[in-house]
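What follows is a single structure, written as structure tokens, with notes after it.
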Amino acid sequence: MSGDTPSGPRDADAETGMEARPDRGLRRRVELAGIGLTAFVALGMLGFLLLYWARDFPVANQLYATFRSFGRGMDAALGTNVFRHPIMWQSMAVGVLVGVVAPLVGSFLVHREMALIGETLAHTAFAGVAIGILVNATTGWNGSLLLIALVVGILGALVVQWLTERTDAYGDVPIAIMLSGSFAVGTLIVSYGRGLTAINIEGYLFGNLAVVTAEGARLMGALSLLVVAGVALTYKQLLFITFDEQAARVAQLNVTGYNTLLVVLTAVVVVGAMQVLGVILVAAMLVVPVAAASQIARSFRETMYLAVIFGQLSVIGGFAVSIGLGLPSGGSIVVTAIAVYLASIVGSGFSVKAISAHG
Amino acid sequence: MTAIVDLDGVTFAYGDTVAVRDVSLTVEEGDFLGLVGPNGSGKTTLLHLMLGLHEPDEGSVELFGRPVDEFDDGGRIGYVSQKATSRGGAMPVTVRECVTMGRFAHAGRGRLSEADRAAVADAIETVGIVDLADRLVSELSGGQKQRAYIARALASDADLLALDEPTVGVDAESRDAFYALLDELNGEGITIILIEHDIGVVTDRANRIACINTELYHHGDTESFVESDALAEAYGTTGQVVHHHH
């Protein structure tokens, strides 16, 4: 069936593409520009994290000094007192990276009707933070809370996967049990540990730019590279399984393996995103930009591109609101994302009109 | 003749409910097998057992001469599930993206090759949906969706097409055209297993019939099925095979 008449079908393709080409070409260019810009910003943020980490070394030291004066220049130009502080850049770096990886993973979750998994894993990770706080307070061990949250979050992901495999569907009952159960454990531990520690748990609940540590930001940088590589390497398999799981099984894809990978990647994203978005709002970045993109996308690839672009718009817009009005970052980002979603609904209405006018 | 699927004494139960009992049958290369039986008779379960989606409680299943749990050449099978065609999901996937999935059993981790793309374009052309290639699958009619899924199977170079009630909700004209396409593909040597509730259609198209109601009531060529009492026995009534004339 394959390959013996390659030229015929391709000519046919070219013919059918003619009609819609001018519109599609422009659309594609805008998308590519958006993705290019997003990649540029994300790489810039990774560069900053690297530079900040290596700032005691000779060459990096000079580059870092240049960067600091660039930040001061931005503050002077904008009349702000933000960009001169490395901690703000760290938070922005985490936000920008979340804006890339959350919609990337969310594109598969949303279309598998697994949107609530992010929420569940965030609550599991919250239990991890609580455990970390308790361990820190009682043993004097000064390890990273996020690392513990990551481990607990991944374990939670594996438990969710195990439960759903056994209940034979992504039913919401095991997910609801995990969600409230892990949060309950978290609150018990936090309340037990209260008085033992001065760590602000609210920051983890609602998201706070000040929660982001240098170590947390570096961890997010490394995890982002991992998630992007993971999705890029398994895009085809994840797409097939998301679209038609049974056919993917018959095609001998390791469906259980890829499903497990997807929930683990979700846990990784959630732990990173928890820093700026907070436990309660973290699922929004997995879901809302994808929902917005699905309104207007004309293919799955385009859904992913648009979801990442919308995610980035939400993060940058949300930061502007948060900094400008002194509001919490998590809420600002999510409200901006929902504004983008509403705009995409309006936009899809307009594009339907445009198509029928052409017809 | 080579056996594509070989079931030997296969029994499968969901908990305490036996869905398939002691079924033995062989699908030969080039067969067009119609799998018929009343609602809830275990047709889909039997198909799932053939494809390795269920593990039998008793008996054995071989696919392309290998035990089904060791079979690893997924590209040889094109499967269109009932769920795939009836789902009203809004996942934005184009026809071309859907058909390209047929290559994933071959392509591994890397990018798709020119040969992969050519196979996809070829399959889209074979089923006659070139003008729909960039449309979303969710926007297609039932009959067009069927063609997209068949194209996906063809793109994978499948030797076996397994179709579970593919024409539910498809209008009569599209259904006839769809079955004509299946005839053509079967003529080219592709083995077909088809679950179809309309017995008249199956007896018109298939050259072999397996009639099941938990147990196998008939397995043989279509003429002997039409002449036998298997249908009445399986359905528990005196049924009459109706032939459609085209």
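Line order of the protein sequences matches chains P and L.
Quick note on the UniProt record's numbering: the first sequence kicks off at 1 and runs consecutively.
Quick note on the UniProt record's numbering: the second sequence kicks off at 1 and runs consecutively.
Ideal Cβ positions, reconstructed from N, Cα and C, are used throughout, including at glycine.
Please read all numbers here as calculations on a predicted model, not as lab measurements.
Which of helix, strand or coil does DSSP assign to residue i?
{"i": "Gly-37 of chain L", "result": "coil"}
{"i": "Gly-88 of chain L", "result": "The predicted position of Gly-88 of chain L is uncertain, since its pLDDT is 48 and thus under 50; a value taken from the coordinates is nonetheless stated next. Coil."}
{"i": "His-218 of chain L", "result": "strand"}
{"i": "Glu-184 of chain L", "result": "helix"}
{"i": "Val-190 of chain P", "result": "helix"}
{"i": "Ala-3 of chain L", "result": "strand"}
{"i": "Thr-94 of chain L", "result": "strand"}
{"i": "Ser-156 of chain L", "result": "coil"}
{"i": "Asn-136 of chain P", "result": "helix"}
{"i": "Ile-280 of chain P", "result": "coil"}
{"i": "Leu-161 of chain L", "result": "strand"}
{"i": "Arg-208 of chain L", "result": "strand"}
{"i": "Ala-254 of chain P", "result": "Reading the sequence as shown, one finds Asn at residue 254 of chain P and not Ala. Three-state result, Asn-254 of chain P: coil."}
{"i": "Leu-194 of chain L", "result": "strand"}
{"i": "Gly-326 of chain P", "result": "coil"}
{"i": "Val-321 of chain P", "result": "helix"}
{"i": "Leu-286 of chain P", "result": "helix"}
{"i": "Asn-213 of chain L", "result": "strand"}
{"i": "Leu-225 of chain P", "result": "helix"}
{"i": "Val-80 of chain L", "result": "strand"}
{"i": "Leu-136 of chain L", "result": "strand"}
{"i": "Glu-113 of chain P", "result": "coil"}
Nearest to residue i by alpha carbon, out of the options?
{"i": "Ser-182 of chain P", "options": "P:Leu-342, P:Leu-281, P:Leu-306 and P:Ala-125", "result": "P:Ala-125"}
{"i": "Phe-206 of chain P", "options": "P:Ala-273, P:Ala-214, P:Leu-179 and P:Thr-167", "result": "P:Ala-273"}
{"i": "Ala-33 of chain P", "options": "P:Ala-339, P:Leu-306, P:Gly-318 and P:Ile-338", "result": "P:Leu-306"}
{"i": "Val-116 of chain L", "options": "L:Asp-131, L:Thr-100 and L:Gly-42", "result": "According to the sequence shown, residue 116 of chain L is Asp rather than Val. The shortest C-alpha separation from Asp-116 of chain L is found at L:Thr-100."}
{"i": "Ser-294 of chain P", "options": "P:Ile-148, P:Gly-106 and P:Val-279", "result": "P:Gly-106"}
{"i": "Thr-94 of chain L", "options": "L:Ile-129, L:Glu-114 and L:Phe-71", "result": "L:Ile-129"}
{"i": "Ala-90 of chain L", "options": "L:Glu-139, L:Glu-173, L:Ser-60 and L:Thr-191", "result": "L:Glu-139"}
{"i": "Glu-62 of chain L", "options": "L:Val-80, L:Gly-9 and L:Leu-35", "result": "L:Gly-9"}
{"i": "Leu-150 of chain P", "options": "P:Val-271, P:Val-346, P:Arg-298 and P:Val-279", "result": "P:Val-271"}
{"i": "Ala-320 of chain P", "options": "P:Ala-65, P:Leu-209, P:Leu-342 and P:Leu-49", "result": "P:Leu-209"}
{"i": "Ala-155 of chain L", "options": "L:Asp-164, L:Gly-40 and L:Gly-78", "result": "L:Gly-78"}
{"i": "Val-135 of chain P", "options": "P:Gly-71, P:Glu-31 and P:Gly-186", "result": "P:Gly-186"}
{"i": "Ala-115 of chain P", "options": "P:Val-94, P:Met-285 and P:Ala-39", "result": "P:Met-285"}
{"i": "Pro-92 of chain L", "options": "P:Met-178, P:Met-304 and P:Arg-28", "result": "P:Met-304"}
{"i": "Val-196 of chain L", "options": "L:Gln-82, L:Asp-16, L:Pro-67 and L:Ser-60", "result": "Reading the sequence as shown, one finds Glu at residue 196 of chain L and not Val. Comparing Cα positions, the closest option is L:Gln-82."}
{"i": "Gly-47 of chain P", "options": "P:Leu-97, P:Leu-327, P:Gly-128 and P:Leu-226", "result": "P:Leu-97"}
{"i": "Arg-111 of chain L", "options": "P:Leu-281, P:Leu-253 and P:Tyr-235", "result": "P:Tyr-235"}
{"i": "Thr-11 of chain L", "options": "L:Glu-173, L:Gly-65, L:Val-120 and L:Thr-45", "result": "L:Thr-45"}
Among the residues of its own chain, which have a CB less than 6 Å from the CB of residue i, if the five just before and after it don't count?
{"i": "Ser-322 of chain P", "result": "Ser-329 and Ser-332"}
{"i": "Pro-103 of chain P", "result": "Pro-289, Val-290, Ala-307, Val-308 and Gly-311"}
{"i": "Val-231 of chain P", "result": "Leu-104"}
{"i": "Val-129 of chain P", "result": "Leu-145, Ala-149 and Tyr-204"}
{"i": "Val-94 of chain P", "result": "Val-212, Ala-217, Met-220, Gln-275 and Val-276"}
{"i": "Glu-112 of chain P", "result": "Residue 112 of chain P is actually Arg in this sequence, not Glu. Hits under 6 Å: Thr-242."}
If we ignore side chains and look at the alpha-carbon of each, how far apart do residue i and residue j end up?
{"i": "Glu-227 of chain L", "j": "Gly-200 of chain L", "result": "14 Å"}
{"i": "Ile-175 of chain P", "j": "Val-110 of chain P", "result": "15 Å"}
{"i": "Val-212 of chain P", "j": "Gln-161 of chain P", "result": "29 Å"}
{"i": "Asp-157 of chain L", "j": "Asp-31 of chain L", "result": "17 Å"}
{"i": "Ala-3 of chain L", "j": "Val-27 of chain L", "result": "6 Å"}
{"i": "Ala-339 of chain P", "j": "Tyr-52 of chain P", "result": "34 Å"}
{"i": "Asp-172 of chain P", "j": "Arg-166 of chain P", "result": "13 Å"}
{"i": "Val-101 of chain P", "j": "Leu-261 of chain P", "result": "14 Å"}
{"i": "Gly-88 of chain L", "j": "Ile-212 of chain L", "result": "Residue placement at Gly-88 of chain L is poorly supported in this model, since its pLDDT is 48, which falls under 50; the coordinates are not used for a value here."}
{"i": "Ser-69 of chain P", "j": "Leu-147 of chain P", "result": "32 Å"}
{"i": "Thr-336 of chain P", "j": "Leu-313 of chain P", "result": "8 Å"}
{"i": "Leu-33 of chain L", "j": "Ile-193 of chain L", "result": "5 Å"}
{"i": "Ile-133 of chain P", "j": "Ala-133 of chain L", "result": "55 Å"}
{"i": "Glu-302 of chain P", "j": "Asn-207 of chain L", "result": "44 Å"}
{"i": "Gly-118 of chain P", "j": "Gly-40 of chain L", "result": "37 Å"}
{"i": "Phe-67 of chain P", "j": "Asn-61 of chain P", "result": "10 Å"}
{"i": "Ala-251 of chain P", "j": "Ser-60 of chain L", "result": "20 Å"}
{"i": "Leu-179 of chain P", "j": "His-123 of chain P", "result": "6 Å"}
{"i": "Trp-141 of chain P", "j": "Val-159 of chain P", "result": "27 Å"}
For residue i, I'd like the list of residues in its chain whose CB is within less than 8 Å of its CB, leaving aside the five on either flank, ordered along the chain.
{"i": "Val-255 of chain P", "result": "Ile-241, Glu-245, Ala-248 and Arg-249"}
{"i": "Asp-11 of chain P", "result": "Because Asp-11 of chain P sits at a pLDDT of 40, beneath the cut-off of 50, its placement in the model cannot be relied upon, and the following sentence gives the value as read from the coordinates. Once the five neighbours on either side are set aside, Asp-11 of chain P has no close Cβ partner at all."}
{"i": "Leu-277 of chain P", "result": "Val-98, Gly-207, Ala-284, Met-285, Ser-329, Gly-330, Ile-333 and Val-334"}
{"i": "Asp-69 of chain L", "result": "Gly-52 and Glu-55"}
Excluding sequence positions up to five away, which residues of its chain have a Cβ less than 7 Å from the Cβ of residue i?
{"i": "Leu-25 of chain L", "result": "Leu-7, Ala-210, Leu-216 and His-219"}
{"i": "Gly-42 of chain L", "result": "Ala-19, Val-20, Ile-212 and Thr-214"}
{"i": "Ala-157 of chain P", "result": "Leu-121, Val-263, Val-264, Thr-266 and Ala-267"}
{"i": "Arg-103 of chain L", "result": "Leu-112, Asp-116, Ala-119, Val-120, Ala-155 and Ser-156"}
{"i": "Asp-183 of chain L", "result": "Arg-205"}
{"i": "Cys-98 of chain L", "result": "Val-137, Ala-148 and Arg-152"}
Give the list of continuous alpha helix (DSSP H) stretches no shorter than 4 residues that lie fully inside the stretch 9-76 of chain L.
43-51
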